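Quick mapping for you: the protein sequence lines, in order, are chains A and B. Number 193 in our numbering belongs to position 192 of the first sequence; there are no gaps in the numbering. Number 176 in our numbering belongs to position 175 of the second sequence; there are no gaps in the numbering. Ideal placement from N, C-alpha and C gives every residue a C-beta, glycine not left out. Just so we're clear, the structure is a prediction, and the values are computed from it rather than from any experiment. For reference, the structure discussed in these notes is given below.
Protein chains: 2
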Amino acid sequence: MNVLLVEDEPRVADFIDRGLRAENHGVTVASSGSEGVDLAKTGEFDVIVLDLMLPDMHGYEVCQKLRQEGDHTPILMLTAMDALEDKIKGLKVGADDYLTKPFDFDELLARIEALVRRSHHFAPQSHVLQVGDLVLDRELLEVRRGDDPIKLTAKELAILELLMSAPGRVFSRTRILNQVWGYSEDPLTNVVDVYIARLRRKIDTPGREPLLDTVRGHGYRLKAAG
Amino acid sequence: MNVLLVEDEPRVADFIDRGLRAENHGVTVASSGSEGVDLAKTGEFDVIVLDLMLPDMHGYEVCQKLRQEGDHTPILMLTAMDALEDKIKGLKVGADDYLTKPFDFDELLARIEALVRRSHHFAPQSHVLQVGDLVLDRELLEVRRGDDPIKLTAKELAILELLMSAPGRVFSRTRILNQVWGYSEDPLTNVVDVYIARLRRKIDTPGREPLLDTVRGHGYRLKAAG
DNA sequence: AATTGCCTGTCAGTTGCTTGTCAGGGATAA
DNA sequence: TTATCCCTGACAAGCAACTGACAGGCAATT
């Protein structure tokens with residue numbers, strides 16, 4: 002995931018930057034409002050984390066400007082104050098969520114991911130996912146590779162659904178544990194590895210082109226088309 | 002079932018989203034009225050859950066717009082106030098039901114399902130259902146597999162009718178209890194299992210291709226054609 | 001009233017699958 | 001080489017589903 006962080010305080014920026022990178026997210030930092038607006042225009046971000054107190058302009062303005070220009074990238078506001086009016090005003094000018102400093106990094110992460118997940122829902126979501134000749138029908142709870150039906154257990158299906166939701170993207174073990182098992186911290190287990198192996202045995206049967214890819218040191222992904 | 006959720010408050014949206022997905026419903030979220038109208042036009046939703054307080058326009062307008070355009074998808078309104086006038090006005094502009102915040106998720110689910118069930122009754126419905134060589138005549142209350150007539154009890158028939166109403170779709174025990182027994186919550190019984198077994202004994206007699214399928218962890222379904 | 005037959009729902013024993021842990025061996029990067 | 005990181009076969013515990021047996025209830029019949 003690609004995050005634009007608009008924050009002028011180096012300490013805070015650095016803290017968030019590191020944390021997000023550790024989760025395999027791409028981060029770009031802008032240290033002023035105008036820089037933030039310019040970068041946002043490139044349209045390559047999945048989410049914008051926006052501090053309200055900026056040197057050149059107020060966060061509200063950044064927010065407003067982007068929305069006026071038709072940019073619907075989800076925005077998470079960071080406010081140092083916890084005055085209700087700020088939050089309300091922020092939401093009015095087009096922010097999607099807010100977080101009050103000081104905040105817990107895990108909460109920031111959770112909100113960011115929730116925002117992105119939600120924004121992806123905007124695209125009316127087909128109940129059929131497809132990667133190469135691998136097809137997952139969420140409604141019928143059915144998986145096929147080419148014409149061959151594949152029987153998966155509940156956990157296997159959940160993992161595959163997660164991977165297929167963003168083909169080509171790398172999912173860390175932590176992330177998978179998070180989404181499929183609901184664990185918020187790493188319980189020092191290798192279940193994910195085990196389940197990936199089981200999925201491989203069912204999906205990447207010998208003779209087929211392997212789809213389930215290991216990215217050493219980072220996690221797993223499904224090969225994107227091509 | 003496919004639900005369009007028009008709700009701008011992220012927390013509420015997320016709450017409902019998760020809950021419905023847990024019930025295997027497809028959910029698409031719109032966070033503004035205009036977005037909701039656009040998505041509704043795709044016509045792929047069974048029901049619309051509509052918050053009244055939206056950033057760009059009032060829920061009434063959304064409702065009115067859709068009805069004027071001839072869209073009859075059932076609409077469930079969510080209102081933060083419990084003023085009677087709001088409800089009345091909502092129903093006047095074409096909503097089918099309302100629910101006052103804060104609400105119980107189970108109640109929301111029940112209403113949604115009730116709405117959909119009702120709207121499906123309007124769709125002209127054949128009195129003969131067929132899956133493979135299995136035929137159910139609702140008028141004559143007769144069931145045949147190929148040329149062999151099958152005698153079913155009332156409950157067996159009700160379950161079979163439910164399953165045949167959407168071949169290939171998975172019905173959870175809870176859903177079956179709901180539709181056939183009218184239970185609104187799980188009374189910790191295994192009647193459904195028992196009746197499925199009885200149905201199997203009558204329908205999937207040895208030598209025939211089994212039609213009644215168990216999806217472990219989810220429920221039961223009739224094999225779709227093919 | 002009593003009898004009979006069927007429908008219905010509960011229960012408990014069994015079976016088979018799913019799940020998560022672990023340890024040993026392979027693969028890969030430095 | 002060495003240190004990680006990853007893969008995978010084996011296994012035990014726990015569950016979910018299946019099914020035969022049974023008891024109560026209802027309705028038709030005697």
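Original post:
Mind checking if L79 (chain A) is an interface residue toward chain B, Cβ cutoff 8 Å exclusive?
Top reply: Numbered from its first residue, the first sequence carries residue 79 (chain A) at position 78. Not closer than 8 Å to any Cβ of chain B, the Cβ of L79 (chain A) fails to qualify, so no.
Original post:
Taking G37 (chain A) as the reference, which of A:E114, A:E8, A:N179 has the closest Cα?
Top reply: The residue labelled residue 37 (chain A) in the question sits at position 36 within the first sequence. The option with the nearest alpha carbon to G37 (chain A) is A:E8.
Original post:
In chain A, which residues lie with their C-beta within 8 Å of the C-beta of H219 (chain B)?
Top reply: Translated into the one-based positions of the second sequence, residue 219 (chain B) becomes position 218. The contacting residues are L142, A155.
Original post:
Using CA coordinates, which residue listed in A:P207, A:F46, A:E62, A:D47 is at the minimum distance from L53 (chain A)?
Top reply: Residue mapping note: residue 53 (chain A) aligns to position 52 of the first sequence, counting from 1. L53 (chain A) has its Cα closest to that of A:E62, out of A:P207, A:F46, A:E62, A:D47.
Original post:
Using CA coordinates, which residue listed in B:K102, B:P75, B:A111, B:H128 is at the minimum distance from G95 (chain B)?
Top reply: Residue 95 (chain B) sits at position 94 when you count from the first residue of the second sequence. Among B:K102, B:P75, B:A111, B:H128, the Cα nearest to that of G95 (chain B) is on B:P75.
Original post:
Nearest-angstrom Cα distance between D138 (chain A) and I151 (chain A)?
Top reply: On the first sequence, residue 138 (chain A) is found 137 positions in, with the first residue counted as 1. On the first sequence, residue 151 (chain A) is found 150 positions in, with the first residue counted as 1. C-alpha separation (whole angstroms): 12 Å.
Original post:
DSSP beta-bridge partners for Y221 (chain A)?
Top reply: On the first sequence, residue 221 (chain A) is found 220 positions in, with the first residue counted as 1. In the DSSP assignment, Y221 (chain A) is bridged to A:F172, A:T215.
Original post:
Are V13 (chain B) and V48 (chain B) closer than 8 Å when you measure CB to CB?
Top reply: Counting from one through the second sequence, the residue named residue 13 (chain B) turns up at place 12. Counting from one through the second sequence, the residue named residue 48 (chain B) turns up at place 47. Against a cut-off of 8 Å, the Cβ pair of V48 (chain B) and V13 (chain B) comes out as no contact.
Original post:
Within this structure, are the beta carbons of M2 (chain A) and V132 (chain A) separated by less than 8 Å?
Top reply: Taking the first sequence and counting its residues from 1, one reaches residue 2 (chain A) at position 1. Taking the first sequence and counting its residues from 1, one reaches residue 132 (chain A) at position 131. Contact: no.
Subject >> Coil, strand or helix - L135 (chain B) by DSSP >> reply: Taking the second sequence and counting its residues from 1, one reaches residue 135 (chain B) at position 134. Three-state DSSP puts L135 (chain B) in a strand.
Subject >> S185 (chain A) to N179 (chain A) span [Cα, whole Å] >> reply: Walking along the first sequence from the start, residue 185 (chain A) turns up at place 184. Walking along the first sequence from the start, residue 179 (chain A) turns up at place 178. Approximately 6 Å, taken between the alpha carbons.
**OP:** Would you please state the rounded distance, in angstroms, between the beta carbons of R112 (chain A) and V171 (chain A)? I believe it to be under 8 Å.
**Re:** Here residue 112 (chain A) is taken as the residue at index 111 of the first sequence, counted from 1. Here residue 171 (chain A) is taken as the residue at index 170 of the first sequence, counted from 1. Beta-carbon to beta-carbon, R112 (chain A) and V171 (chain A) are separated by about 21 Å, too far to satisfy the 8 Å threshold.
**OP:** Determine the burial state of E157 (chain A): buried for a count of at least 16 other Cβ atoms within 10 Å of its Cβ, exposed for fewer.
**Re:** Locating residue 157 (chain A) in the first sequence gives position 156, where the first residue counts as 1. When all chains shown are included, E157 (chain A) counts as buried.
**OP:** Measuring alpha carbon to alpha carbon, tell me which of A:S173, A:T206, A:V28 ends up nearest G218 (chain A).
**Re:** Position 217 of the first sequence holds residue 218 (chain A). Per the Cα distances, A:S173.
Original post:
So, is the C-beta of R170 (chain B) closer than 8 Å to a C-beta in chain A?
Top reply: Reading the second sequence from its first residue, position 169 is the one you call residue 170 (chain B). Output row for R170 (chain B): interface = yes.
**OP:** Figure out for me which residue from A:Y196, A:L109, A:T215, A:E162 has the closest Cα to the Cα of D18 (chain A).
**Re:** Start at 1 with the first residue of the first sequence, and residue 18 (chain A) comes out as number 17. Comparing Cα positions, the closest option is A:L109.
**OP:** State the DSSP-derived secondary structure class of E143 (chain A), mapped to helix, strand or coil.
**Re:** Counting from one through the first sequence, the residue named residue 143 (chain A) turns up at place 142. In the structure shown, E143 (chain A) sits in a strand (DSSP, three-state: E or B).
Original post:
M165 (chain B) lies in the alpha helix (DSSP H); which residues open and close that run?
Top reply: Reading the second sequence from its first residue, position 164 is the one you call residue 165 (chain B). Looking at the DSSP string, the run of the alpha helix (DSSP H) that includes M165 (chain B) is 155–165.
Original post:
With DSSP run on the structure shown, which of helix, strand or coil describes P11 (chain A)?
Top reply: The residue labelled residue 11 (chain A) in the question sits at position 10 within the first sequence. P11 (chain A) falls in the helix class under three-state DSSP.
**OP:** Using a Cβ cut-off of 8 Å (strictly closer), state whether V7 (chain B) contacts chain A.
**Re:** Position 6 of the second sequence holds residue 7 (chain B). No - not a single Cβ of chain A is within 8 Å of the one on V7 (chain B).
Subject >> Residue closest to A41 (chain B), alpha-carbon to alpha-carbon, out of B:V193, B:Q65, B:P56 >> reply: For the purposes of this step, residue 41 (chain B) is taken as the residue at position 40 of the second sequence. Nearest of B:V193, B:Q65, B:P56 to A41 (chain B), Cα basis: B:Q65.
Original post:
Under a CB-based cut-off of 8 Å, is G60 (chain B) close to chain A?
Top reply: As a working note, residue 60 (chain B) is residue 59 in the second sequence. Using a CB distance cut-off of 8 Å, G60 (chain B) does not count as an interface residue toward chain A.
Original post:
So the alpha helix (DSSP H) G37 (chain A) belongs to, where does it begin and stop?
Top reply: Walking along the first sequence from the start, residue 37 (chain A) turns up at place 36. Element bounds for G37 (chain A): 34–42.
**OP:** Can you grab the Cα-Cα spacing for the pair D187 (chain A) / V193 (chain A), in whole Å?
**Re:** For this step, residue 187 (chain A) is matched to residue 186 along the first sequence. For this step, residue 193 (chain A) is matched to residue 192 along the first sequence. So the alpha carbons of these two residues sit roughly 11 Å apart.
Original post:
By DSSP, does L5 (chain A) sit in helix, in strand, or in coil?
Top reply: Along the first sequence, read from residue 1 onward, the residue named residue 5 (chain A) stands at position 4. Strand.
**OP:** List the whole-angstrom C-beta distance separating G34 (chain A) from L55 (chain A), where the pair is believed to meet the contact cut-off of C-beta under 8 Å.
**Re:** Taking the first residue of the first sequence as position 1, residue 34 (chain A) is located at position 33. Taking the first residue of the first sequence as position 1, residue 55 (chain A) is located at position 54. The C-beta distance from G34 (chain A) to L55 (chain A) rounds to 4 Å, short enough to meet the 8 Å contact threshold.
**OP:** Could you please give me the residues that DSSP links to D99 (chain B) through a beta bridge?
**Re:** Your numbering for residue 99 (chain B) matches position 98 in the second sequence. Here residue 99 (chain B) is Tyr; the residue named in the question, Asp, does not match the sequence. B:M78, per the DSSP bridge assignment.
**OP:** Please report how far the alpha carbon of V216 (chain A) lies from the alpha carbon of S32 (chain A), in whole angstroms.
**Re:** Counted from its first residue, the first sequence places residue 216 (chain A) at position 215. Counted from its first residue, the first sequence places residue 32 (chain A) at position 31. Roughly 32 Å between the two C-alpha positions.
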